[in-house]
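Asker:
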Amino acid sequence: MVEPDLHAHSPGWVRPSSRNKISPPRHGLTRPERIWKGRAQQSIGVCAKGGTAADPFPLTATARRVYAARHVRHISSLCRLGFGAAARSRPVESLPASAWALTPGSAGHEVQCIGVVRALGLEPVVKRVAPSAPWSWMAPWGPAAPDPAIAPPWPDLVVASGRQAVPYARAIRRRARGKTFVLVLQNPAISLRHFDLVWVNDHDGVEGRNVIQSLTSPNTLTTAGLAAGAAALAARLAGRPLPRPWIGVVLGGASGAYRFEPADAATFGQALAALATTTGGSLIVTPSRRTGAAALAALGGALGQTPHWIWDGETGENPYFGILGAADALVVTCDSVNMLGEAAFTGKPLYAWRLEGGSAKFDAFHHGLQATGAMRWFDGGLAHWTYPPIDANSFIADAVRTAYAARRRR
1 MVEPDLHAHS PGWVRPSSRN KISPPRHGLT RPERIWKGRA QQSIGVCAKG
51 GTAADPFPLT ATARRVYAAR HVRHISSLCR LGFGAAARSR PVESLPASAW
101 ALTPGSAGHE VQCIGVVRAL GLEPVVKRVA PSAPWSWMAP WGPAAPDPAI
151 APPWPDLVVA SGRQAVPYAR AIRRRARGKT FVLVLQNPAI SLRHFDLVWV
201 NDHDGVEGRN VIQSLTSPNT LTTAGLAAGA AALAARLAGR PLPRPWIGVV
251 LGGASGAYRF EPADAATFGQ ALAALATTTG GSLIVTPSRR TGAAALAALG
301 GALGQTPHWI WDGETGENPY FGILGAADAL VVTCDSVNML GEAAFTGKPL
351 YAWRLEGGSA KFDAFHHGLQ ATGAMRWFDG GLAHWTYPPI DANSFIADAV
401 RTAYAARRRR
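As structure tokens, then:
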């Protein structure tokens, strides 16, 4: 059972933080830090200069400069923590040996936590918390509810995500008396001082001395996993008249920011059919939980006799990883940070299909993907280009290794 003082000595309610924005230190950089900053500037120089005539980014000059400067600043901040190649060469005793993935149980939160832990070379113990009222009402500001699954021995590392998991992450860090390193994914909405490290997306606008930011979100994708998925999908579709190139289509759906009605799906399907006809290729389509049966049927009807295969969402295993691995190019609806980010992990041509709606955060995310050279808006054509795969997992894992080792040395 949980020891009574898991929450008995809790400070109780903690002050909510609506901004969690702390100005970074303004002191100068050392020579190694200047070198890292220079490399960062070189890596995104094409964005700052406006791209090339052959591949212009559809961003204003101001937007490109602001985006470039922002990422130089992030890398400079990580330099101060000692982030870089040295993070991968830490002695074994300065790296975590055990880890929990602590979430409310939702698939999205678990995928992110598990992805980060595996990037560290560990297999997490998955801990799901589901406090009842009134504890659930008080999260993330209130104390943690007693839970027999959340008890010593504490792991070296806790990776937590989700509002209901935040009180437990805070309580574990306090109870472990500094022996457990706590990483929270996404804005915890309380003071950042309760955690060792906090990760957020760039477009979330959260900053602090213990905050790291990346354009895309952590996930469970690996190169080996995509290769295995591609092989499985090829075997599954063997014998079907599906000529190359394969155009992978990943569908989102209606959300608080976007609309995706059957009529919208039909319009999308017509554009995809025209693309397949022009290229002589095939469409490999997978929906998400938000797509809806009516929208999926409307898109399928619009494809007509175009060579295509659509997963119905029920028969057999989800071919999502296989599509990412096997497709020659990808077209993804613009409504999901995770889907676009996972597609950008492949390094393959990535087109986004515009849906009705949007928000400032989505605009910032889309601009960021364009600035890296990963994403273009779908305009009916199919081009070929490459870019370095965008891997948030490795970035976050490096930051954890560095911060964990630095804390052990104190």
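Note that the UniProt record's numbering gives residue 90 to position 90 of the sequence shown, counting from 1, and the numbers run on in steps of one.
Backbone N, C-alpha and C fix where the C-beta goes; we use that ideal spot for every residue, glycine too.
None of the values given here were measured: they were computed from a predicted structure.
1. Mapping the DSSP letters down to three states, classify F345 as helix, strand or coil.
2. Indicate whether the contact test is met: 3 or more Cβ pairs, each with one atom in the segment 154-172 and one in the segment 97-116, closer than 8 angstroms.
3. Measuring only the C-alpha atoms, how far is A230 from T372?
4. Which residue comes first and which comes last in the alpha helix (DSSP H) that contains S394?
5. Can you name the start and end residues of the beta strand (DSSP E) that W246 belongs to?
6. Determine the direct distance from the alpha carbon of A327 to that of A189, and round the result to whole angstroms.
7. Please classify T180: does DSSP put it in a helix, a strand, or coil?
8. Measure from the alpha carbon of E356 to the alpha carbon of each residue in G292, N219, V182, D335, then state which is nearest.
9. When we look at the beta-carbon of Q305 and count the other beta-carbons within 10 Å, is it buried (16 or more) or exposed?
10. Rounded to the nearest angstrom, what separates A266 and G301 at their Cα positions?
11. Hey, V104 and V129 are a contact pair by Cβ (cut 8 angstroms); roughly how many whole angstroms apart?
12. Going by alpha carbons, who is nearest to S282 out of R289, E207, I310, A145?
13. Please classify W137 as buried or exposed, where buried requires at least 16 neighbouring CB atoms within 10 angstroms.
14. Grouping DSSP H, G and I as helix and E and B as strand, with all else coil, what is N201?
15. Return the bridge partner residues of K127 from the DSSP annotation.
16. Examine the Cβ distances between the segment 289-303 and the segment 218-233 and report whether three or more of them are shorter than 8 angstroms.
17. Near W154, what residues of its chain come up, given a Cβ to Cβ distance below 8 angstroms and the 5 sequence neighbours on each side ignored?
18. Is the segment 210-218 in contact with the segment 231-251, if contact means three or more CB pairs nearer than 8 angstroms?
19. Assuming A344 and L369 are in contact, meaning their beta carbons sit under 8 angstroms apart, how far apart are those beta carbons, in whole angstroms?
20. Less than 6 angstroms between C-beta atoms, sequence neighbours within five positions excluded: which residues of the same chain meet that for V46?
21. Considering only residues of the same chain and omitting the five flanking positions on each side of A397, which have a CB-CB separation below 6 angstroms?
22. Check this for me: beta carbons of L197 and A406, under 8 angstroms apart or not?
23. Give a yes or no on whether the C-beta atoms belonging to A254 and G358 are separated by under 8 angstroms.
24. Between the alpha carbons of K348 and A329, how many angstroms are there, rounded?
25. Can you tell me which of L340, L242, N318, A298 puts its alpha carbon nearest to the alpha carbon of N219?
Answerer: If we stick to the structure as given:
1. Coil, per DSSP.
2. The segment 154-172 makes contact with the segment 97-116; the number of CB pairs closer than 8 angstroms reaches 3 or more.
3. Computed Cα separation, rounded: 25 angstroms.
4. Segment 392-409, the alpha helix (DSSP H) holding S394.
5. Where W246 is concerned, the enclosing beta strand (DSSP E) stretches over 246-250.
6. Going from the Cα of A189 to the Cα of A327 covers about 39 angstroms.
7. Coil.
8. When only C-alpha atoms are compared, the closest one is D335.
9. Burial is judged here by how many other beta carbons sit within 10 angstroms of a residue's own beta carbon; Q305 has fewer than 16 and is exposed.
10. Roughly 7 angstroms separates the two Cα atoms.
11. Inspection of the sequence shows that residue 104 is occupied by Pro rather than by Val. The C-beta distance from P104 to V129 rounds to 6 angstroms, short enough to meet the 8 angstroms contact threshold.
12. Residue I310 is the option with its Cα nearest to S282.
13. Flag for W137 reads exposed.
14. Three-state result, N201: strand.
15. K127 is bridged to L102.
16. Segments in contact, no.
17. Counting only Cβ-Cβ distances below 8 angstroms, and skipping sequence neighbours, we find I172, R175, A176, K179, T180.
18. Contact fails between the segment 210-218 and the segment 231-251, because fewer than three Cβ pairs, one in each stretch, are under 8 angstroms apart.
19. That pair is a contact at about 6 angstroms.
20. Low confidence applies here, because V46 scores a pLDDT of 39, under 50, leaving its location unreliable and the question unanswered by this model.
21. Same-chain partners within the cutoff: A119, L120.
22. Not a contact, by the Cβ cut-off of 8 angstroms.
23. Judged by their CB atoms, A254 and G358 are not nearer to each other than the 8 angstroms cut-off.
24. Rounded to whole angstroms, K348 to A329 spans 6 angstroms at the Cα level.
25. With distances taken between Cα atoms, N219 lies closest to L340.
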